[in-house]
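Take the sequence shown: its letters are residues 1 to 636, numbered as in full-length UniProt numbering. All residues carry an ideal CB built from backbone N, CA and C; glycine is no exception. Since the structure is predicted, the reported quantities are computational estimates derived from the model, not experimental observations. This report concerns only the one structure given below.
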Amino acid sequence: MTTDATSPAASVERALDLAVGALRRGQDPTGYWKGDFESSLIGESGEVILRHFLGLPRDEVTAEAAKTILAEQSATGGWASYHKGPDELLLSVFCYVALRLAGHEADEPAMRAAAASIREAGGIEAVDNPTMLAWLSVIGVWPWYDIPIIPPEVILLPSWFPGNIYQVGAAARGIVVANSLFMAERPVTPAGFHITELFKRPDRGFRRLPRPRALRIATRLSHWYNRNPIGFLRRRAVRKAADWLVRTQETDGSWGGNWPQTANVVMGLDTVGYRQDHPVIRKAMAALDGYVVHKNGQRRIEMWTSVVMDTALGVSAAAMSGDPKARESADNAARWLLDTQVTELGDWAVLTKDPVAGGWPYEFVNRTNPDADDTSFAVVALRRLHPRGTDATVDDAVDRACRWMLSQQCDDGGWAAFEPLRWRLPGRDHLAKIGFLEAPSADITGHVLEALGADGQGEGEAARRGVEWLRRNQHEDGSWPGWWACYHLHGTSAAVTGLTACGVPGTDPVVARACDWIEAHQQADGGWGEDIRALRDPAWIGKGESTPSQTGWALIALIAAGRADSDAVRAGLDHLIRTQEADGDWPEPWHTWVVHHDGLYWRDSMLRLIYPIMAMAAYRDHAAASGTTDATGEAR
């Protein structure tokens, strides 16, 4: 770390005022905040494949998608899934296939370069995600017999039986049910071309994927049963699966409030006879169109909408800023949050004892599966505005939210975002990697503990168990890996803020070791950054170019642990001030958040602003309370 800057080069107060102004300008008139959700081109390429499967004409939508895909092609021929990243195999395959569907020929220079990049990465046979390969099977460029079939009969398994749909992660449950419908029929809308040029050895043609023996056996068995189903069970399962999907459609026409789940369900329902003039499908197609944004001359897909997360964190930042106008903005946003709380039972309630509704989702609409992360953000935000006893409506909402979070605590004391981990069959790690399962993690557990502490429940039994989970799972070097953002920096920051919110002092060895790790991984420019490569390569853990949001994470944790007067904090503040733009915002092209760990990463244009505001406000409050430094960090 750098120790050259003993105090920020400019006023923290002035930088904070500029940032708060940018935050206020970014608020929607209805009260919420929502940044741009920017991920890889898997959505744009997937849309082209979906439209072909549905038999929609090759029109301006396909042409615009192809134009966007070509514009993002890397110098090495493929497509990267994050800023400054290498070509990513699965993404490059999807982009290549989408371009072929859009009318581009294999002998074009850009296509030859793409195929060469794919072969260099091991060829299409090195893709290890059967669920995504199934999207290639529905257009006939990948053989169905190499895809493990999810039988629709899974919908018939009782909730106590291993492998039932309620043991699958909530974020993937609708995809599993939808995939079981089109996998049962194995439909094909022929692409009209082959992709042998994408194999590492094109002259050898298709070869089965190099999977573990157990998975190969399971694949063969799944196909045998799919050819020989029990007739009445298959008919009942298909009918029940379709009915379940229709019943769980959101009011906006989507499933889960996101593009991937909605697209998969459309494919599943189409396979069993729900045509495009059916009201359910019409609503779903309109919902898919709602994820389209036009920016910088490109047509992009926002696969998720981060509105609840951004709004809750925006409320916290505005409330912490101390600015009266920002407080008014926060009050408006809080009213919007209260209106979006989930007050009815959903899938999560099936395996929950004495369920109480009260969580928040990530998206505009997801009444089926709220999550502990966004619920904890909302609780902290509401409590920053309205301490207990100052607003009866807020008290009621927070009470319900906390009861819901407590009901979702895992058996071992930690928390996952979507329901406790209940999978009892083999393959848990691989299913987690591709987003079908989620284990408890340090970032979610830390955020829930912060919420419980904000509501005065930091010394309760649930919080004690959460604290003990963090103690048991701290790595020897003092860090924790996160799950939903990159990576040890996020997990460690969240753990520290959660622990301190529940009364664990900064002098406690578990907190002190964590803060030592954070300080040891400060970059030479005073900031903090951890590259997406850290998810796969341990050499990158804690390392990467400094980003404003990740610098904010580190500063928030260090200040919460009592290290506000450290050289590391002053250097971090100096970095934020030096890199702030004239409009109060910060540049952040890096992808720092994770959907699944197999290649789907994202960035949010609001978070690069919100976290620095929270860090600077926390520092300013410490300085005012201690009376030892002024707002610039200089000794009085």
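*asked:* Measuring straight from C-alpha to C-alpha, what distance separates ARG424 and PRO162?
replied: 6 Å
*asked:* Using only CA atoms, which one of ASN129, ARG428, LEU470 and ASP429 lies nearest to THR445?
replied: LEU470
_Under 8 Å between C-beta atoms of LEU70 and ALA113_ = no
*Just the Cα atoms here: how many angstroms apart are ARG239 and GLY273?*
11 Å
*Note the first and the last residue of the continuous beta strand (DSSP E) segment covering GLU38.*
37 to 39
_Relative to the C-alpha of ALA66, which candidate in GLY85, ASP87, VAL97 and TYR82 has its C-alpha closest?_
VAL97
_Quick check on the DSSP output: the beta strand (DSSP E) that includes residue 655 runs from which residue to which?_
Residue numbering for the chain in the displayed model covers 1 to 636; residue 655 lies beyond these limits and cannot be assessed.
*Please say whether TRP590 and PRO612 have beta carbons closer to each other than 8 Å?*
no
*Looking at the structure shown, is ALA582 part of a helix, part of a strand, or coil, going by DSSP?*
coil
_Which residue wins for smallest C-alpha separation from ALA178, given the options ALA286, ALA237 and ALA126?_
ALA237
_Let's test the definition: count the other Cβ atoms within 10 Å of the Cβ of LYS34 and tell me whether it reaches 16, buried, or not, exposed._
buried
*Since ASP604 sits in a beta bridge, which residues does DSSP pair it with?*
PHE37
*Whole-angstrom C-beta distance between ARG299 and THR68, which should lie under 8 Å*: 6 Å
_Within a Cβ cutoff of 8 Å, which residues of the same chain sit near TRP336, ignoring the five residues on either side of it in sequence?_
THR30, GLY31, TYR32 and THR311
_Given this structure, state the Cα-to-Cα distance separating SER321 from ALA617, to the nearest angstrom._
5 Å
*N-terminal and C-terminal residue of the alpha helix (DSSP H) that HIS490 is part of*: 488 to 501
*Relative to the C-alpha of TRP144, which residue among GLY77, PRO260 and ARG220 is closest?*
ARG220
*Can you find at least 3 beta carbon pairs, one from the region 520 to 527 and one from the region 571 to 586, that sit closer than 8 Å?*
yes
*Can you have a look at ALA286 and say buried or exposed, based on whether 16 or more other CB atoms are within 10 angstroms of its CB?*
exposed
*Please go through the same chain and pick out, in chain order, the residues whose beta-carbon is closer than 6 Å to the beta-carbon of residue 653, but skip the five residues on each side of it.*
Outside the modelled stretch of the chain, which goes from 1 to 636, sits residue 653, for which no answer is possible.
*Drop a sphere of 10 angstroms on the beta-carbon of GLU344, count the other beta-carbons inside from all chains shown, and report buried for 16 or more, exposed for fewer.*
exposed
*asked:* Does the distance between the C-beta of ALA19 and the nearest non-hydrogen atom of the ligand COA fall short of 7 Å?
replied: Annotation note on the ligand COA: not contained in the displayed structure, which lists no ligands.
*Specify the secondary structure class of ALA102 as computed by DSSP and reduced to three states.*
coil
*Grouping DSSP H, G and I as helix and E and B as strand, with all else coil, what is VAL356?*
coil
*the region 505 to 516 touching the region 445 to 461, judged by at least three CB pairs closer than 8 Å*: no
*Simplified DSSP assignment, three categories, for THR6*: In this predicted model, THR6 has a pLDDT of only 43, less than 50, meaning its place in the structure is not dependable; the value taken from the coordinates is given anyway. Reduced to three states, the DSSP call for THR6 is coil.
*asked:* Spatial neighbours of ALA319 within its chain, please: C-beta separation below 6 Å, excluding the five flanking residues on both sides.
replied: ALA330, ARG384 and LEU385
*Spell out the partners DSSP gives TRP255 in its beta bridges.*
ASN258
*Under a three-way DSSP split, which group does TRP593 fall into?*
strand
*Residue closest to PRO190, alpha-carbon to alpha-carbon, out of GLU476, VAL138, PRO148 and THR196*: VAL138
*Exposed or buried, ALA635, counting other C-beta atoms within 10 Å across all chains shown (16 or more means buried)?*
Residue confidence for ALA635 is low, a pLDDT of 38 falling below 50, so the modelled location carries little weight; the figure read from the coordinates is stated next. Classification for ALA635: exposed.
*Secondary structure at ASP429, three-state DSSP: helix, strand or coil?*
helix
*Express the C-alpha separation of HIS490 and ARG465 in angstroms, rounding to a whole number.*
21 Å
_Checking 8 Å against the spacing of the C-beta atoms, do VAL342 and PRO324 come in under that value?_
no
*Count the other C-beta atoms from every protein chain shown that fall within 10 angstroms of the C-beta of HIS447, then say buried if there are 16 or more, exposed otherwise.*
buried
_So, at 7 Å on beta carbons, what are the nonlocal neighbours of THR497 in its own chain, with the 5 sequence-adjacent residues on each side left out?_
GLY446, GLU450, ILE556, ALA557 and ALA560
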